[in-house]
Amino acid sequence: MSVTTYREAVRAAIREAMQRDERVFLMGEDVGHYGGCYAVSKGLLEEFGPERIRDTPLSESAFTGAGIAAAMAGMRPIVEVMTVNFSLLALDQIMNTAATIRHMSGGQFQCPVVIRMATGAGRQLAAQHSHSLEGWYAHIPGIRVLAPATLEDARGMLWTALEDPDPVLIFENALLYNMEGELADDAGAVDIDRAAIRREGRDITLITYGGSLGKTLTAAEELEKDGISAEVIDLRTLRPLDEGTILASVSRTRRAVIVDEGWRTGSLAAEVSARIMEGAFWELDAPVGRVCSAEVPIPYAQHLEAAAIPQVPSIVAAARAAMGR
Amino acid sequence: MSVTTYREAVRAAIREAMQRDERVFLMGEDVGHYGGCYAVSKGLLEEFGPERIRDTPLSESAFTGAGIAAAMAGMRPIVEVMTVNFSLLALDQIMNTAATIRHMSGGQFQCPVVIRMATGAGRQLAAQHSHSLEGWYAHIPGIRVLAPATLEDARGMLWTALEDPDPVLIFENALLYNMEGELADDAGAVDIDRAAIRREGRDITLITYGGSLGKTLTAAEELEKDGISAEVIDLRTLRPLDEGTILASVSRTRRAVIVDEGWRTGSLAAEVSARIMEGAFWELDAPVGRVCSAEVPIPYAQHLEAAAIPQVPSIVAAARAAMGR
Amino acid sequence: MSGAGAKVHLTREHGLALLAQMLRIRRFEERCAELYTQEKIRGFLHLYIGEEAVATGVMETLAPEDRIVATYREHGHALARGISMNAVMAEMYGKAAGCSRGRGGSMHLFDRETNFYGGNAIVGGGLPMAAGLALADRMRDRAALTCCFFGEGAAAEGEFHESMNLAALWKLPVLFVCENNLYAMGTRLDLSEAETDIAAKARSYAMPAEAVDGMDVVAVEAAARRLGAEIREGGGPRFLECRTYRFRAHSMFDPQLYRTKEEVEAWTERDPIARLRAWLEEVRYLHAGDLDRIEAEIADEVEAAVAFAEAAEWEPVENLMTDVGAEART
Amino acid sequence: MSGAGAKVHLTREHGLALLAQMLRIRRFEERCAELYTQEKIRGFLHLYIGEEAVATGVMETLAPEDRIVATYREHGHALARGISMNAVMAEMYGKAAGCSRGRGGSMHLFDRETNFYGGNAIVGGGLPMAAGLALADRMRDRAALTCCFFGEGAAAEGEFHESMNLAALWKLPVLFVCENNLYAMGTRLDLSEAETDIAAKARSYAMPAEAVDGMDVVAVEAAARRLGAEIREGGGPRFLECRTYRFRAHSMFDPQLYRTKEEVEAWTERDPIARLRAWLEEVRYLHAGDLDRIEAEIADEVEAAVAFAEAAEWEPVENLMTDVGAEART
Ligand SMILES: Cc1ncc(C[n+]2csc(CCOP(=O)(O)OP(=O)(O)O)c2C)c(N)n1
Ligand SMILES: Cc1ncc(C[n+]2csc(CCOP(=O)(O)OP(=O)(O)O)c2C)c(N)n1
Ligand SMILES: [Mg+2]
Ligand SMILES: [Mg+2]
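Protein chains in written order, with our numbering: chain A, 1 to 325; chain B, 1 to 325; chain C, 1 to 330; chain D, 1 to 330.
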């Protein structure tokens, strides 16, 4: 075991992939000379050179599209879109090409691209730089959507994603990059199919992912003090959803709250709630609750931003409400 | 009353708006010389001239952004994005500018733009031309999303939308353009806040919008033959949702099925289901069902496409299942 | 042939092959138009009639390992590239034997065998794809170029700009072929572009570019061959603007309010097929009976394709979800 | 001043005003950098230090009815346009008295009073906005121009391409001002553009364009005035590339691995403030005590702004949802 950070874990994953498979390369804005907007790729240019650590112009649509096509032609590109906020400029390529090409071509072409991006609010970056759209992306058939919330997943999801023959989007919550913890020295690839139970509990299931996992675990501790035993599910893979794990847990606890940094209406939390409705209605002792972001463009001021996104107290309150307390 | 079509109703609405308010103009690809991709704006160039019926280059981001800004500077533009499929190219301007500008500027600027687009599958246009993303757009705070499903709404929503001080997106299901029916000669502005009960019923609530309204009404007729009395709600406004109407109906009927042409995961139907979970759980006699599109890029072949999107039999089946039959 | 064409030493055999290819595309599409009225073909149908010299001329110069990216107006490209007419016609019908297994239709012809990457229906959407395919080839030291066809309307899209720069910046082996038919649906070039010289646009990315008479198949071929050679020598991307004209409506729904009959007629006089034929007659390459033979062969091929498509199976509806993702992960 | 500047007849008063404006921006930002380390200012902070001549020179030429669109690096533009330093500083603090009511922060300064349309943090996102504001003015016969600032990095974006064409095609009254500071974050111009001559790019849209020494405030002002006059005469859009340099890091998180100290030092020698000051001394416009007086006034203004921001109220958290939509529909 060594102490590491989420940032370093992502970097180690990229390095290893580059070493293992020469078809892998990293491409995006400022991944090279700048060292990565969040310093994730720092040092990689020196190690692998500018062909494989490829700085791009500010052309989100073209370089994302180019990565998609390079994957179709046999490479294994890791496209870094600096943040999800800018990915809207590349959405046409993602939805209309990457996600459709296999089906539309009758299975002839495939697109094993990995597209990584930072996501999330909480750093006072205001309305245009604080989107949490990973749940929204999970609407699109033909892609897989991952949200690594732990060091293990930051370290291990990338390789599995690169081995996937279809496009995989990886959303890294920017607040996690500095998260520190222990990681096994031989940590490696992890599955990208199943949700994980991060904490076992009996009374209620709290379902979350990405940047909200930490808050949700803290909330579970608080609830424990109240005598409420909360199970915490980290979805990990937002598309396709691991419905089995969710339904099994909720069927046991009979109550659930979903914590999701996306805006409430049309959130992934809504989908999870609907799935529970469909799959475990008769098991429920109370309506499933949601703790999501307020439906507001995220404001700059710290207190307003904090009020706009899920926080430990709001999670605790929702869980208590679901317990009828 | 006169017989008219949905297409003509939209055209009449545009004409009237242009006549009533000289700040109104129409801008988009092929709205002028071509006469509109769906012939909606046919004849308007001759009547109003090229300044106000403004053909644009194939530049979705720039002309949508320009419309947004022209609204900020006192005009009342109607931006036509030919179809929702191309609107992804303009999404940055919609989400990062139109939807945020009022809040981000502390209320100093407002953006009374109307953005219209055709939406929907069903015409064998395959994966890149068959998106139904209006429910997906309903995720975004700061905009209003409308889905006119009737001649009255096609005729009446535009003016109300133009009077709205905030951005309004209007989604016209392309299959409706040829829909014919009677319309009052003095038909005019309609509210854009409330859902409408299109058919009263006692046993189950079918909730839908846009292109699926017709199928849902047909399904209700079929169900009637089975002795099931279905209420049909047309959401009309997808954002903000008229939760009151939904919950009141479901609380009466105690059962609901949502019909939504969007892909199932992360659909607007999920949001409606979650709202019912939160607001009427104790009233429900059965889990709320969803009839959505299959999670597949829409295929070209007619039988495959038909199988991919909601149809009368699938609606009937879902309603029967919710009735426990 | 005129201009550039005159300098090319065309054999009789090659001249006839070009004529046959263009005719083949023409007759195929004429048949498609009929089938559309019979509702055998549905969705959108964009005919290439009038522009056949472009795909025909360019495709002559490409090697099997080269890659092709085209638009929704790509029947001509698919046929000229060598996708069988049966597979293309079956795709138009939406049958399982279609070149995209019935998923794509007219706008989405694909073929792995011939490196045919669609059939892309988002205007401008194919350009980043071309850059990416070429990037992969460059990184893999694969000696191939990617040929990307698109209309002049696409030049207004942001994706055009970004892709042109990327290709030029990274010196990618792409041959950009702009089919300038003067209209994007009903929007005339000068109503959509401040600068109407398309080749000049390309040069603003420091990319060598030329314009050629797109109604002259020999000139198109010569230019594409020259530019292709430069690309293959490692010179980076090249741009070829082909000045052409669409004789038919944009799609089957277009009343063509935006152009005059006179304009269409004037361009029809420059029909690339008639022109090549006249020249072949002039130089006595076209012998008595040649044309009838070619037409007969094509008619046979087209009718065989129709018969094939008619007889072909529908994909079972249970396979709706096939190919959304890979069956098993590799 | 050098070049173009030499030909301008500058009064002493005007020269001192330019110096004071640039110094005002410089001192304000230096103070902001301190406040950032004290965590009074949070989020991203992009300093304009080194580039003050651009906003200062251009803004001199604009009329009150003109509109301004800027980027996330817009403190200088906001101050030069006349938004009070108090309101700007309070915004940096996130206070309710801020020019965006605390919603925007450093990247999103807005002011209706002075037609200041942000503070836009999507690179290239302001360009369609500029086109649209200008379109509205043209359609309303309002005699005003829209001045749009953006970095050279934005020139690679599709939104740049589309907006340039739209503005040129429709002859919209826009003055595009490209602040070419050679880097987009850490990406040097020649690593992101095949054609590095930015003004030449603009010309490819049939838009008249010039490049000017962006470290020479007088030259910037002269060029902006000339181009502005052409726009006001109905000549359509104009493009001004200002060659400048950012002395500080891109934002507060940037270790500047991508450029050498020597390069930064060489550019620092061309500091627009030092340069104007030297010239003002040379021509004896700057009298003894002038500079001290100016600096003292600015120091007072900056400290007053800090005090104002410190004392200002926070927006009540109950108002979180204010201004998502209009209170009442009009
Ligand atoms: C991004 C996008 N916008 C709009 C359309 C609708 N559309 C389809 S073809 C076309 C015209 C394209 O013109 P051009 O590029 O010149 O090609 P041509 O059809 O003339 O061959 C338009 C506007 C589209 N498919 N994609
Ligand atoms: C669309 C988009 N992509 C990426 C970013 C992240 N980013 C912020 S500033 C910047 C560099 C912009 O460079 P330039 O346009 O030259 O302006 P400068 O910062 O040099 O003033 C980048 C990449 C962004 N804000 N928006
Ligand atoms: Mg064209
Ligand atoms: Mg720069």
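Glycine included, every Cβ here is placed at the ideal spot set by N, Cα and C.
Quick caveat: nothing in here was measured; it's all calculated off a predicted structure.
One question on the structure: do A:Glu231 and A:Arg254 come within less than 8 angstroms of each other, judged by their Cβ atoms?
no
Of all the CB atoms in chain B, is at least one closer than 8 angstroms to the CB of A:Ala322?
no
Any heavy atom of ligand 2 closer than 7 angstroms to the CB of B:Arg277?
Here the sequence assigns Met to residue 277 of chain B, which means Arg is not the residue at that position. For B:Met277, the distance from the CB to the nearest heavy atom of ligand 2 is not below 7 angstroms.
Leaving out five residues before and five after C:Gly124 in sequence, what residues of the same chain have Cβ atoms less than 6 angstroms from its Cβ?
Ala154, Glu157, Glu159 and Phe160
Specify the secondary structure class of C:Thr180 as computed by DSSP and reduced to three states.
Per the sequence presented here, residue 180 of chain C reads as Asn, with Thr not at that position. Reduced to three states, the DSSP call for C:Asn180 is strand.
At a Cβ cut of 8 angstroms, what residues of the segment 303-318 of chain A count as close to chain D, listed as they run along the chain?
Cβ contacts with chain D: His303, Leu304, Ala307 and Ala308.
Are the segment 302-313 of chain B and the segment 213-223 of chain B touching by the rule of at least three beta carbon pairs closer than 8 angstroms?
yes
Looking only at its chain, what residues have a beta carbon closer than 6 angstroms to the beta carbon of C:Ala134, apart from the 5 residues adjacent to it on each side?
Answer for C:Ala134: Thr146, Leu172, Pro173 and Val174, listed in chain order.
If you measure from each residue's Cβ to the nearest non-hydrogen atom of ligand 6, which ones come out under 6 angstroms, in chain order?
Ligand 6 is not part of the structure shown, which contains ligand 1, ligand 2, ligand 3 and ligand 4 as its ligands.
Beta carbon of A:Asn173 nearer than 8 angstroms to that of A:Gly120:
yes
Can you list, in chain order, the residues of the segment 70-84 of chain B whose Cβ is nearer than 8 angstroms to any Cβ on chain A?
Hits within the stretch: zero.
CB contact below 8 angstroms: B:Arg325 versus chain A:
no
Let's see if you can read the secondary structure: which residues bound the alpha helix (DSSP H) around C:Pro128?
Gly126 to Met139
So, at 6 angstroms on beta carbons, what are the nonlocal neighbours of B:Phe86 in its own chain, with the 5 sequence-adjacent residues on each side left out?
Glu60
Note down, in chain order, all residues in the segment 110-142 of chain A with a beta-carbon under 7 angstroms from any beta-carbon belonging to chain C.
Gln110, Pro141 and Gly142
Where does A:Pro310 sit, in a helix, a strand or coil, going by DSSP?
coil
Residues of chain D with CB under 9 angstroms from A:His103, in chain order?
The premise fails here: A:His103 is roughly 26 angstroms from chain D at the closest Cβ pair, so nothing lies under 9 angstroms.
Taking DSSP as the reference, what is the three-state secondary structure of C:Asn86?
In this structure, C:Asn86 counts as helix in the three-state DSSP scheme.
Pairwise C-alpha distance: D:Ser204 and D:Ser192:
18 angstroms
Work out the CA separation of D:Phe28 and D:Ala4 for me, nearest whole Å.
Caution applies to D:Ala4, whose pLDDT of 43 falls short of 50 and renders its modelled position unreliable; the value that the coordinates give is listed next. About 29 angstroms.
Limits of the unbroken beta strand (DSSP E) element including B:Arg116:
Val114 to Thr119
Output, in chain order, the set of chain D residues within a Cβ distance shorter than 9 angstroms of B:Ala98.
None at all; the shortest Cβ gap to chain D is about 10 angstroms.
Rounded to whole angstroms, what is the Cα-Cα separation between C:Ile246 and B:Ala154?
The question names Ile, but residue 246 of chain C in the sequence shown is Arg. When rounded, the distance between both Cα atoms is 35 angstroms.
Give the range of the alpha helix (DSSP H) segment to which C:Glu29 is assigned.
Arg12 to Thr37
C:Thr330 versus D:Leu189: straight-line alpha-carbon distance, rounded:
Low local confidence applies: a pLDDT of 46 at C:Thr330 is under 50, so the model's placement there is unreliable, and no value is given.
Nearest to A:Arg20 by alpha carbon, out of A:Ala294, A:Trp159 and A:Leu235?
A:Trp159
Which word fits D:Ser106, buried or exposed, when buried means at least 16 other C-beta atoms lie within 10 angstroms of its C-beta?
buried
From B:Gly28 to B:Met18, what distance separates their C-alpha atoms?
B:Gly28 and B:Met18 have their alpha carbons spaced roughly 15 angstroms apart.
I'd like to know whether the C-beta atoms of C:Ala143 and C:Pro237 end up nearer to each other than 8 angstroms.
Not closer than 8 angstroms, so no.
Report the rounded CA-to-CA distance for D:Glu295 versus D:Leu16, giving the unit in angstroms.
12 angstroms
Closest to D:Ala90 by C-alpha separation, out of D:Ala326, D:Ala304, D:Glu327 and D:Met321, would be which residue?
The shortest C-alpha to C-alpha distance from D:Ala90 to any of D:Ala326, D:Ala304, D:Glu327 and D:Met321 is the one to D:Ala304.
Between the Cα of A:Ser2 and those of A:Ala187, A:Val10 and A:Met157, spot the shortest distance and give me the residue it belongs to.
A:Ala187
Enumerate in chain order the residues of its own chain whose CB-to-CB distance from D:Ala6 is below 6 angstroms, with the five nearest sequence positions on each side excluded.
Interpretation of D:Ala6 is limited by its pLDDT of 49, a score under 50 that renders its predicted location unreliable; the figure taken from the coordinates is listed afterwards. For D:Ala6, where only same-chain residues beyond five positions count, there are no Cβ hits under 6 angstroms.
Could you tell me whether any non-hydrogen atom of ligand 2 is closer than 7 angstroms to the CB of B:Met95?
At a cut-off of 7 angstroms, the beta-carbon of B:Met95 does not count as near ligand 2: no heavy atom of the ligand is closer than that.
Beta-carbon of D:Leu169 versus every beta-carbon of chain C: anything under 8 angstroms?
yes
How close, in whole Å, do the beta carbons of A:Leu183 and A:Ala9 come, if the pair is a contact with beta carbons under 8 angstroms?
6 angstroms
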